[in-house]
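Read the structure below first, then the notes.
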Amino acid sequence: MQNSEGEKAVDTSKLTKNATQVVELVEKMSILELADLVKVMEDKFGVSAAPAMMMAGPAAGGAAAGPVEEKTEFDVHLTGAGSNKIGVIKAVREVTVLGLKEAKDLVEALPKVLKEGVKKAEAEEMKKKLEEAGATVELK
9 MQNSEGEKAV DTSKLTKNAT QVVELVEKMS ILELADLVKV MEDKFGVSAA
59 PAMMMAGPAA GGAAAGPVEE KTEFDVHLTG AGSNKIGVIK AVREVTVLGL
109 KEAKDLVEAL PKVLKEGVKK AEAEEMKKKL EEAGATVELK
């Protein structure tokens with residue numbers, strides 16, 4: 009169900025006053041503010057916003073582990089903007105959905121995680137575009 013502004017309608021009637029106020033504050037935050045908030049909450053409360061991974065039990069008979077799987081998902085870390093900050097801001101906007109102000113704020117507060125859980129090909133393409141603009145990028 010969506011309201012007249014195309015936003016998803018959510019029933020908050022069962023929330024406490026404090027929880028309702030938090031929801032209202034979060035609705036008004038930018039993507040960068042939300043990312044910073046999530047990071048602080050993860051650190052403060054020792055939790056992770058990443059989905060939990062299923063742990064496989066030991067192989068039958070205690071067999072030796074097979075070959076290590078190649079990593080398929082990466083986090084794109086923007087670590088430096090170099091001397092062409094405007095070009096890097098443009099590249100950040102090109103590889104993300106950030107607006108001009110959010111991209112500028114991100115580039116001015118480096119190092120930052122630009123995108124998490126990106127497929128290898130997409131991560132390498134992002135890295136290439138950002139480095140061509142003068143940025144320093146790490147894939148982790």
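9 is the number of the first residue of the sequence shown in our numbering; add one for each residue after it. Ideal Cβ placement from N, Cα and C applies to all residues, glycine included. These numbers were taken from a predicted model, which means no experiment stands behind them.
LEU118 places its beta carbon 9 Å or farther from that of VAL103.
Around the Cβ of MET37, a 10 Å sphere holds fewer than 16 other Cβ atoms; the residue is exposed.
VAL115 is the residue among GLY125, GLU124, VAL115 and LYS148 whose C-alpha sits nearest the C-alpha of LEU138.
C-alpha of LYS135 to C-alpha of GLU124: approximately 13 Å in a straight line. Minimum Cα-Cα distance from VAL96 among the listed residues LYS127, LEU40 and GLU140 corresponds to GLU140. Here THR144 is not near LEU106, since their CB atoms are 9 Å or more apart. At a cut-off of 3 residues, the continuous stretches assigned as beta strand (DSSP E) that sit fully inside the region 81-108 are 81-88. When secondary structure is reduced to three states using DSSP, LYS120 falls in the strand class. In the DSSP annotation of this structure, the continuous segment of the beta strand (DSSP E) that includes THR144 starts and ends at 144-147.
Just so you know, the alpha carbons of GLU110 and GLU81 end up roughly 24 Å apart. The C-alpha of LYS120 is placed about 19 Å away from the C-alpha of LYS128.
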